[in-house]
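Let me begin by presenting the structure, written as structure tokens, before commenting on it.
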Amino acid sequence: MKEYIFFNIKKFKYKLLYKTLYNILISILGLLSILITKNIIDYALNKDFTNLNISIVIFISLTIIMLILSPINSYISTKLKFKIFDDIQSNLYKKVINSKFEKINKYSSLDIVNRINTDCGTFISFIYEIIPTTIGLILTIVLSVVALININYMFLIILLISSILTTILSRILNTKQIELYKEIQKNDVEHRVTMDESLKNIEYIKVSELEEINIDSLNKIYGRRMYLNKKMSIVVGGISFLFSLGSILSYTMIFVIGIYQLFIGNLSIAEFTVLLQIYRQLNSSVLELQSYIPSFNNVLAAIDRIYEIEILEPEDLKNKQISDFKEKIQFKNISFEYDDNKILSDLSFSIKKGDFLGIIGESGSGKTTFLKLMASLLTPKSGEILIDNNKLTNIHRSLISYVSQDDMLFTKSIKENLLCHNNQVSESELTKVLYLTKIDSFLEKLPNGIHTNIKYLSKGQRQRIALARAILQKKPIILLDEVTASLDIDTEQHIINSIKTLDYKPTCFIVTHRTSILNICNKIYNIKNNVLTS
């Protein structure tokens, strides 16, 4: 985790350096303004109008400089921060996309989105805002301490004792805050998942009269959220109270001692005024620094969640691609299990190029797992899959089109979905595939035709688009997982027969429950009790 923090600090060092130098400059200008006020008071009391006027001009100049720098810095900082955010966020997204499917599949999509957006935002605020600001605050504290020592070291001792005590006491609450942050993020993911699922299944909820049950379920999550946020507010409030208490007590002591020193003649009026100003600036810096402790706790939790994604095992992404296979696909003693739950056991068979393989079996028997093994999304526990005597790896995906039970279309137009793999498809070729999959039969009825967004289509229409997309890829192996379940028998027969008569003669693995499709297959296998039988 430390390596990840230092890697990003090094990567964006020049952007962070700008922010740090700006904070240092503002700290120096702020302290100079305070010290100038001492001269102004002294010159005014001594009626030294020449030096008084010079000091006033310097004070006003410093104020104007800080006013001008503020909006300029705001513009530059916002621009740089978004550049860092885009970089870290896009790299984390690439990490997710390029990780092994079986590793990333352990997380829900909404959980990953939450980590990429919310946790990344927390981390970026830390490296771009908290770290540079902290450096500026530390400089302010150091310079203020030097100034206090020059006035009276006793005031410094009071402040140090107060700061040390409040920091030690606040550490008791820090661990609890980290735990609560993780719980709140987990609750947020649960809320989003529940909301997303209920909206996706709104038809079923209404027909089954499950509205109240779903509302109650969401209310329980809301209740948990309220409980966690109350606890978080108590913890953060406790930390804030300790710091405020320390600040009030130390200010009171410094004020009383300062009045006494003024009374006995150890302090001048100008020195006493500057003392209070320096203390306010010093105390403000210490409080701001201490206020970052709750933020720092959140950052640690956020980095921990980001790092879980960062260390996911990546796929071996090789540039080498395989354009075809010539003879056969072999499954040799393939076994697979999910968390010690055996799914497939000792599968062995082979099929020739151009075969249509029908796969049947009860729900949950492992049919979809079988296809995911063939797509190199999952790795067998034992055994191997060979294509032309070469072990199947992710580079063989260049041979494979995969159409799952969920059509896996993007929320774009029909045409954009069809051509997402290859936008060089000719109009005649596209027209032919639209006919083969019977998309043309409903396309002309749509107001925007092929440019209609797929969110307005029925499930059966979406399945046809997913099948057409697979055909347009022209890959020699096609994996179909219950993809005709929402189609009528005639349309199903037309599409599967069309695939069988394609010029490039694809090899098909078809998971289905329909006997009408099995009649088209030249080989049929049944998965039962983890075993494959012909």
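As numbered in full-length UniProt numbering, residues 1 to 534 make up the sequence shown, in order. Every residue gets a Cβ at the ideal spot worked out from N, C-alpha and C, and that includes glycine.
Kindly list the residues whose CB is nearer than 8 Å to the CB of residue i, restricted to its own chain and excluding five residues on each side of it in sequence; keep chain order.
i, result
"TYR43", "PHE49, ASN51, LEU52, SER55"
"ASN283", "LEU159, SER247, SER250, TYR251"
"ILE465", "ASP407, LEU409, ILE414, ASN417, LEU418, THR437, ILE439, ILE454, LEU457"
"LEU378", "PHE101, GLU102, PHE336, THR369, LYS372"
"ASP346", "ASN333, ILE334, SER335, GLY383, VAL531"
"LEU62", "LEU29, LEU32, SER33, ILE36"
"ILE127", "ILE5, ASN8, ILE9, PHE12, LEU16, ILE84"
Pick out whichever of the options has its Cα sitting closest to the Cα of residue i.
i, options, result
"MET232", "THR252, LEU386, ASN297, GLU308", "ASN297"
"GLU183", "ILE221, LEU159, SER291", "ILE221"
"GLU315", "SER335, SER90, HIS396", "HIS396"
"GLN281", "PHE126, ILE34, PHE7", "ILE34"
"PHE255", "SER240, GLY238, VAL57, LEU276", "LEU276"
"ASP355", "SER401, ASN522, ASN394", "ASN522"
"SER498", "ALA470, ASP481, GLU482, TYR525", "ALA470"
"LYS176", "ASN229, ILE202, ILE40", "ASN229"
"LYS19", "ILE76, VAL57, LEU472", "ILE76"
"ILE112", "ILE124, ILE215, GLN473, LYS94", "LYS94"
"ILE400", "SER350, ILE385, GLN473, GLY460", "GLN473"
"TYR525", "VAL403, SER398, SER348", "SER348"
"LEU143", "SER285, HIS451, LYS106, GLU197", "SER285"
"GLU129", "ILE64, ILE65, PHE82, LEU434", "PHE82"
Residues in the same chain with beta-carbon distance under 7 Å from residue i, minus the five sequence neighbours each way, listed in chain order, please.
i, result
"MET154", "ILE257"
"SER426", "none"
"ILE343", "PHE336, GLU337, GLY366, THR369, ASN530"
"THR194", "SER217, LEU218, ILE221"
"ALA301", "ILE178, TYR181, LYS182"
"PRO380", "ILE334, SER335, PHE336, LEU373"
"LEU467", "VAL403, THR437, VAL483, ILE495"
Looking at the strands, I want to know which residues DSSP matches up with residue i.
i, result
"GLY361", "ILE527"
"LEU386", "GLN330, LYS391"
"SER99", "PRO314"
"GLU337", "LYS342"
"THR533", "ASN526"
"ASN201", "Its beta-bridge partners do not exist; DSSP assigns none."
"ASN453", "SER413"
"PHE356", "CYS508"
For residue i, which residues of its own chain have a beta-carbon under 6 Å away from its beta-carbon, when the five flanking residues on both sides are left out?
i, result
"MET253", "ILE158"
"THR484", "GLU492"
"ILE136", "The amino acid occupying residue 136 in the given sequence is Gly; Ile does not appear at that position. Closer than 6 Å at Cβ, skipping near neighbours: ASN23, ILE24, SER27."
"LEU262", "PHE272"
"LEU139", "ILE24, SER27"
"HIS191", "ILE221"
From which residue to which residue does the beta strand (DSSP E) around residue i run?
i, result
"residue 548", "No answer is possible for residue 548: it lies beyond the span of the chain, which begins at 1 and ends at 534."
"THR507", "507-511"
"SER401", "400-403"
Just reading off the alpha helix (DSSP H) that residue i is part of, what are its end residues?
i, result
"LEU45", "13-45"
"THR140", "131-151"
"ILE254", "211-263"
"LEU480", "Element bounds for LEU480: not the alpha helix (DSSP H) but the beta strand (DSSP E), 477-481."
"LYS500", "489-500"
"ILE471", "459-473"
"GLU429", "427-436"
"ASN417", "414-418"
"SER109", "109-114"
"PHE517", "Correcting the residue identity first, residue 517 is Ile in this sequence and not Phe. Unbroken alpha helix (DSSP H) run through ILE517: 515-518."
"MET374", "367-374"
"THR122", "120-125"
"PHE442", "440-443"
* Would the region 107-120 and the region 327-340 be scored as touching if the rule is three or more Cβ pairs under 8 Å? -> no
* To do: Would you check if the region 462-477 and the region 501-508 touch, i.e. whether three or more CB-CB distances between them fall below 8 Å?
  => Counting Cβ pairs under 8 Å, three or more are found: they touch.
* Asked: Would you call the region 493-504 and the region 443-452 touching, i.e. three or more CB-CB distances under 8 Å?
  -> Touching, no, given that fewer than three Cβ pairs across the two stretches are closer than 8 Å.
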